[in-house]
Amino acid sequence: MSKHTSTPPGSGATGIEARERGRKRLRAATVSAAAASLVAAGAVAISLPGASSAATHSSSGSTATGTHHGTSDTNGSGSSSSSSSSSSSSSSSGLSTPTSTPASSSGGGQVTSGGS
Amino acid sequence: MSGITSSTALWYASRATGVVSLVLLSAVMIIGILVNRQGRLPGLPRFAVLGLHRNLSLLAVAFVAIHVITAVADSYVSISLAAAVIPFVSSYEPLWLGLGAVSLDLMIAVIVTSLLRRHLGRRAWRAVHWLAYVSWPVAVVHGIFSSKDLQSGPLLYLAAACIAAVVGALAWRVTRARAATERAGGVPALMASRLARAGDR
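Sequences listed follow chains A and B, in order. Sequential numbering of the first sequence, starting at 31, is according to this note's numbering. Sequential numbering of the second sequence, starting at 5, is according to this note's numbering.
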């Protein structure tokens with residue numbers, strides 16, 4: 031490593047060594063970027079909104095579907111979310127989902143009425 | 005803690021890899037913009053900057069592939085494999101998912117032509133490579149509007165930072181190109197004046 035910096039500039043070996051050094055830095059940068067991307071993906075997944083409501087729903091089996099659709103779906107899944115919430119008698123988790131359900135206003139309304 | 009369970013893992017993986025893909029694609033765009041105008045990154049020779057551009061592109065493509073595969077495999081929202089590739093045929097969020105499909109198709113075109121670069125002419129490859137400039141904004145619009153993740157909170161700032169960084173790099177490149185054009189435009193006048201001076205002698 032240190033010998034790369036001690037070589038005099040202009041010599042033939044300097045170009046090859048500089049290229050090798052550049053290659054090592056490229057490899058290090060690529061590996062760092064890949065590792066950082068994986069860590070970032072994990073961190074984003076953990077911090078994504080809807081995680082807490084999904085956790086409460088997962089305990090009651092199929093009602094996780096209702097939470098999931100509520101956060102991201104707008105069209106066809108509203109009916110399935112209402113049916114799943116009507117099957118779960120505990121309305122506390124069903125009522126908490128509209129905080130993360132801005133996409134489906136009609137579906138969210140069905141969840142609330144079904145729970146109550 | 006998180007609500008990631010075996011039943012929601014694919015959903016979270018799809019959303020998370022989508023966010024990371026946006027950041028990686030933005031980085032690829034920025035490096036691509038900078039490199040074309042003799043831009044250098046500190047500590048890296050020019051060939052390494054080009055290599056980093058290529059490697060980050062492949063990394064971004066890998067994350068996009070995981071993003072698409074997990075979205076298709078996720079059983080909560082039914083997105084068919086055809087809808088991931090063919091624009092605007094999805095029953096779920098047809099417009100926003102369609103834009104994602106358009107972006108993916110453009111990306112595939114850029115990758116395939118880059119792999120076949122030796123067989124294509126440089127001009128043809130360059131023409132297709134410009135599609136990357138279309139693919140990125142389409143992917144950003146898809147990311148922002150296909151889910152609520154990028155519409156609020158820290159991820160909104162992240163998306164805004166990505167957009168600002170790419171726009172800033174583009175502005176820098178346009179400014180540099182304009183300055184270079186002006187310098188080149190001054191060359192004929194300079195030569196004419198020197199020729200006139202030489203003629204006087």
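Ideal Cβ placement from N, Cα and C applies to all residues, glycine included.
Neighbour flag for A/Thr44 against chain B, beta carbons, 9 Å: If you number the first sequence from 1, residue 44 of chain A lands on position 14. With 9 Å as the cut-off, A/Thr44 does not count as an interface residue toward chain B.
Top-ranked residue by Cα proximity to B/Ser11, from B/Ala164, B/Trp100, B/Tyr80 and B/Ala202: In the second sequence, the residue the question calls residue 11 of chain B occupies position 7. Cα-wise, what sits closest to B/Ser11 is B/Tyr80.
Beta carbon of A/Ala63 nearer than 9 Å to that of B/Ala66: For the purposes of this step, residue 63 of chain A is identified with residue 33 of the first sequence, where counting begins at 1. For the purposes of this step, residue 66 of chain B is identified with residue 62 of the second sequence, where counting begins at 1. In this structure, B/Ala66 does not lie closer than 9 Å to A/Ala63 by Cβ.
9 Å Cβ cutoff, B/Asp153 in contact with chain A: Taking the second sequence and counting its residues from 1, the one referred to as residue 153 of chain B is at position 149. Yes, contact with chain A.
Beta-carbon spacing of B/Ser61, B/Ala143 below 9 Å: To locate residue 61 of chain B, count along the second sequence from 1; it is residue 57. To locate residue 143 of chain B, count along the second sequence from 1; it is residue 139. Cβ atoms of B/Ser61 and B/Ala143: not closer than 9 Å.
Helix, strand or coil at A/Ile46 [DSSP, three-state]: Stepping through the first sequence from its first residue, residue 46 of chain A is reached at position 16. It is helical.
Interface flag, B/Phe92 vs chain A, CB-CB below 9 Å: By one-based count along the second sequence, residue 92 of chain B stands at place 88. By this cut-off, B/Phe92 is not an interface position.
Own chain, CB closer than 8 Å to B/Ala163, minus 5 neighbours either side, in chain order: Here residue 163 of chain B is taken as the residue at index 159 of the second sequence, counted from 1. Excluding positions up to five away in sequence, the list reads Leu26, Val144, Gly147, Ile148 and Leu154.
Residues from the segment 48 to 71 of chain B in contact with chain A, defined by Cβ distance under 8 Å: Leu48, Pro49, Phe51, Ala52, Gly55, Leu56, Asn59, Leu60, Leu63 and Phe67
Endpoints, the alpha helix (DSSP H) within which B/Ile93 is located: Locating residue 93 of chain B in the second sequence gives position 89, where the first residue counts as 1. According to the sequence shown, residue 93 of chain B is Val rather than Ile. Premise fails: B/Val93 is in no alpha helix (DSSP H) and is neither H nor E.
Nearest to B/His57 (by Cα), restricted to the options A/Arg57, A/Ala43, A/Ile46 and A/Glu50: Taking the first residue of the second sequence as 1, we reach residue 57 of chain B at position 53. Taking only the C-alpha atoms, the option nearest B/His57 is A/Arg57.
is_contact[B/Arg44, chain A] using C-beta, thresh 9 Å: As a working mapping, residue 44 of chain B is identified with position 40 in the second sequence. B/Arg44 does not count as touching chain A.
Three-way DSSP call (helix, strand, coil) for B/Arg121 in this model: Taking the first residue of the second sequence as position 1, residue 121 of chain B is located at position 117. The answer is coil: DSSP assigns B/Arg121 none of H, G, I, E or B.
N- and C-terminal bounds of the alpha helix (DSSP H) containing B/Gly36: Position 32 of the second sequence, counted from the start, is the residue given in the question as residue 36 of chain B. From DSSP, the alpha helix (DSSP H) with B/Gly36 extends over Ala13 to Val39.
Other residues of its chain near B/Ile90: CB distance less than 8 Å, five sequence neighbours each side excluded: In the second sequence, counting from the first residue as 1, residue 90 of chain B sits at position 86. Once the five neighbours on either side are set aside, the close Cβ partners of B/Ile90 are Ala105.
Under 9 Å between C-beta atoms of B/Leu54 and B/Leu28: By 1-based counting over the second sequence, the position of residue 54 of chain B is 50. By 1-based counting over the second sequence, the position of residue 28 of chain B is 24. In this structure, B/Leu28 does not lie closer than 9 Å to B/Leu54 by Cβ.
Own chain partners of B/Trp100 with C-beta closer than 7 Å, once the 5 adjacent residues on each side are dropped: Within the second sequence, numbered from 1, the residue matching residue 100 of chain B stands at position 96. Excluding positions up to five away in sequence, the list reads His146, Phe149 and Ser150.
Minimum Cβ-Cβ distance from B/Ile238 to chain A less than 9 Å: The structure shown does not extend to residue 238 of chain B, since chain B is modelled only from 5 to 205, so the question has no answer here.
Cβ of B/Thr21 within 9 Å of any chain A Cβ: Counted from its first residue, the second sequence places residue 21 of chain B at position 17. With 9 Å as the cut-off, B/Thr21 counts as an interface residue toward chain A.
Beta-carbon proximity of A/Ala59 to B/Leu48, cut-off 9 Å: The residue you call residue 59 of chain A lines up with position 29 of the first sequence. The residue you call residue 48 of chain B lines up with position 44 of the second sequence. In this structure, B/Leu48 lies closer than 9 Å to A/Ala59 by Cβ.
Unbroken alpha helix (DSSP H) run spanning B/Ser156, endpoints: As a working mapping, residue 156 of chain B is identified with position 152 in the second sequence. It is not in any alpha helix (DSSP H) - B/Ser156 carries neither H nor E in the DSSP assignment.
Pair within 9 Å by beta-carbon distance, B/Ala136 and B/Leu110: On the second sequence, residue 136 of chain B is found 132 positions in, with the first residue counted as 1. On the second sequence, residue 110 of chain B is found 106 positions in, with the first residue counted as 1. Contact: yes.
Chain A contact residues for B/Leu24, given Cβ-Cβ distances below 8 Å: Locating residue 24 of chain B in the second sequence gives position 20, where the first residue counts as 1. Strictly speaking, residue 24 of chain B in this sequence is Val, with Leu absent from that position. The answer, in chain order, is Ser67, Ala70, Ala71 and Val74.
A/Arg55 and B/Ala173 closer than 9 Å at C-beta: Taking the first residue of the first sequence as position 1, residue 55 of chain A is located at position 25. Taking the first residue of the second sequence as position 1, residue 173 of chain B is located at position 169. Their beta carbons are not under 9 Å apart, which means A/Arg55 does not touch B/Ala173 by this criterion.
Buried versus exposed call for B/Leu108 [16 or more other C-beta atoms within 10 Å across all chains shown]: Here residue 108 of chain B is taken as the residue at index 104 of the second sequence, counted from 1. Per the 10 Å Cβ criterion, buried.
Distance, B/Ala200 Cα to B/Ala193 Cα: The sequence position of residue 193 of chain B within the second sequence is 189, counting from 1. The sequence position of residue 200 of chain B within the second sequence is 196, counting from 1. Cα-Cα distance, rounded: 10 Å.
Element boundaries [alpha helix (DSSP H), containing B/Leu10]: Stepping through the second sequence from its first residue, residue 10 of chain B is reached at position 6. Leu is not the amino acid found at residue 10 of chain B; the sequence shown has Ser there. Here B/Ser10 belongs to no alpha helix (DSSP H), and DSSP marks it neither H nor E.
Nonlocal neighbours in the same chain, by C-beta distance under 6 Å from B/Ser139, ignoring five residues either side: Along the second sequence, one-based indexing puts residue 139 of chain B at 135. Cβ within range, chain order: Ser107, Leu110 and Met111.
Chain A within 9 Å of B/Pro141, Cβ atoms only: As a position in the second sequence, residue 141 of chain B is number 137, starting the count at 1. For B/Pro141, the answer is no, since every Cβ of chain A falls outside 9 Å of its Cβ.
Contact under 9 Å by Cβ, B/Thr74 with B/Ser18: The count along the second sequence starts at 1 and reaches residue 74 of chain B at position 70. The count along the second sequence starts at 1 and reaches residue 18 of chain B at position 14. Yes. Within cutoff.
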